[in-house]
Amino acid sequence: MEREEILSWLRESDTDRLDALWRRADDTRRSCVGDAVHLRGLVEFANRCARSCAYCGLRADHHELPRYRMTPEEILRCADQIVDSGCGTIVLQSGEDPSLPAEWLADVVGRIKSRTPLAVTLSVGERDERDWAMWRQAGADRYLLRFETSNRALFDRIHPPLPDRRSDRLADLRTLRRLNYEVGSGVMIGIPGQTYEDLANDIEIFAAMSLDMIGVGPFIAHPRTPLGRAGSAGDPPAGQVPPTEEMTYKVIALARLVCPRANIPSTTALATLNRQTGRELGLMRGANVVMPNLTPTRYRQWYEIYPNKACVTESPGDCVPCMRSRIQAIDRRVGVGHGNSRNRSARASQPIEFQEP
Ligand code: SF4
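Using the working numbering, you'd call the opening residue of the sequence shown number 3 and step up by one each time.
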């Protein structure tokens, strides 16, 4: 898809024309990855974070937030529950915590792989290549690291780096690919200062990197953060991308069109903006994955990256049945097995150069 067409869809407001975009994304989804919706059991196993991203409720200087790290035994119980509920993947997610020993996580991954048939996805932020290699060796299959925005100045403004490290997530994604992970990334939509040109660049990068998984969500600032406290003063500047539900669907649909074989989740952030039908609409506009939350209920309240997050008070036993009924209600079926990215298998048989545009 040409850049001008991406830009024109991002700016489109006519509902009939947008219906054509949703149909095109849904047709592409059906023909390239089928009707199965894969369930990924999400375990938010720790909320410690050394970073101070300007919008995130887990930021290091949110001192009132109780911090936790689940024990390996608690995580293994979650893994068993994920198997029992019929999900094929466990997603282990945490804040970015350099004090989390790589060996500790490698041990947890190894124990999950030896006692369950689950695929393991890690989402624990920026780490050294040595750690990523150790986790891959222990059996981790996939890694999620969103680059959030390709506008370098904008990224730096809201993601201050740690003192001894410069963030370069595109380089990190190359490293992860070299280590033979199934690689996922994505962006936030509507960051203050983000333009349509920026967002079009992001979508071009999805294609240039041939991502295996693409997760996108609206920008929602936690109130206990600098951007949350700043609020939205007056009208947004011209050219500012709005952090809306509709814009999120547009990016999901365009991601499907530029990366037709990728796995694309309909995210909790969408369900937060529209609790009734947000997840379903994401699935009907290009997505093929959902991530039921299997984190024990007592910890969920402390993993509020943004406020009013959906599914915080539910129990792990609630989320999978809820997702199954939503999937069936839109005439889709629940995927079985790992639900590996078809993009990765296609790439394995026909290597694709990993280039930025
Ligand atoms: S966005 Fe990630 S790295 Fe930044 S403060 Fe939140 S959890 Fe930490």
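Just so it is clear, CB atoms sit at the ideal spot from N, CA and C, and this is done for glycine as well. Nothing here was measured: the structure is a model prediction, and the numbers come from that model.
Can you find a C-beta in chain B that's less than 8 Å from the C-beta of residue i?
i    : result
C324 : The chain inventory of the structure shown lacks chain B, comprising one protein chain alone.
One question on the structure: do residue i and residue j come within less than 8 Å of each other, judged by their Cβ atoms?
i    : j    : result
G59  : E98  : no
G288 : L272 : no
P262 : C55  : no
V45  : T297 : yes
T123 : R42  : yes
V185 : D204 : no
D214 : N265 : yes
R53  : L229 : no
R71  : A48  : yes
L120 : T91  : yes
T227 : Y57  : yes
R281 : R328 : yes
L181 : R138 : yes
H224 : Y305 : no
N345 : S187 : no
L175 : L156 : no
R5   : E206 : yes
R302 : N295 : yes
P162 : R113 : no
Comparing alpha-carbon positions, which option in the options lies nearest residue i?
i    : options                   : result
L275 : G219, R179 and T315       : G219
P103 : C89, V338, E75 and W134   : W134
D143 : T279, V45 and L94         : L94
I216 : G112, P194, L259 and G241 : L259
I193 : D170, P163, S212 and V243 : V243
A257 : C324, D18 and L23         : L23
A232 : G241, I222 and A240       : I222
P319 : G88, D21, E6 and N182     : Sequence inspection shows Gly at residue 319; the Pro mentioned does not correspond to that position. It is G88.
M286 : M293, P267, N295 and W304 : P267
E248 : A312, S15 and S10         : S15
T246 : A140, R13, R32 and S343   : R13
Y145 : S347, L178, R132 and R113 : L178
H64  : R50, D166 and E105        : R50
M293 : R129, C313, D86 and R5    : C313
E105 : R132, C324, S116 and S125 : R132
D130 : N342, G141 and D170       : D170
V110 : S96, A140 and V85         : A140
C324 : G112, S125, R113 and T279 : T279
M136 : S116, Y183 and I160       : Y183
I77  : K115, A62, I160 and P239  : K115
R159 : S125, G341, Q196 and D166 : Q196
Does at least one heavy atom of the ligand SF4 sit under 7 Å from the Cβ of residue i?
i    : result
G230 : no
I191 : no
I222 : no
I114 : no
L164 : no
I307 : yes
R61  : yes
R171 : no
E98  : yes
R129 : no
S54  : yes
C58  : yes
C51  : yes
H65  : no
H340 : no
H161 : yes
task: Please determine if the region 67-83 and the region 248-263 are in contact, where contact requires at least 3 C-beta pairs separated by less than 8 Å.
output: No, the region 67-83 does not touch the region 248-263.
- request: Quick one: which unbroken alpha helix (DSSP H) runs of 4-plus residues sit fully inside the region 31-56? Chain order, please.
  value: Correct list: empty.
query: Is there contact here, the region 333-340 with the region 35-46, by at least three beta-carbon pairs under 8 Å?
result: yes
query: With contact counted as at least three CB pairs below 8 Å, one residue from each stretch, are the region 139-157 and the region 200-207 in contact?
result: yes
task: Could I get the ranges of all uninterrupted alpha helix (DSSP H) runs contained in the region 143-205, with 4 residues as the minimum, in chain order?
output: 154-160 and 171-180
- prompt: In chain order, which continuous runs of the beta strand (DSSP E) of length 3 or greater are located wholly inside the region 65-101?
  reply: 91-96
Within the region 207-240, ranges of the alpha helix (DSSP H) (whole runs, at least 4 residues): Runs of the alpha helix (DSSP H) spanning 4 or more residues and lying entirely within the region 207-240 occur at 228-232, in chain order.
task: At 4 residues or longer, and completely inside the region 298-323: list those alpha helix (DSSP H) runs for me, N to C.
output: At a cut-off of 4 residues, the continuous stretches assigned as alpha helix (DSSP H) that sit fully inside the region 298-323 are 299-302.
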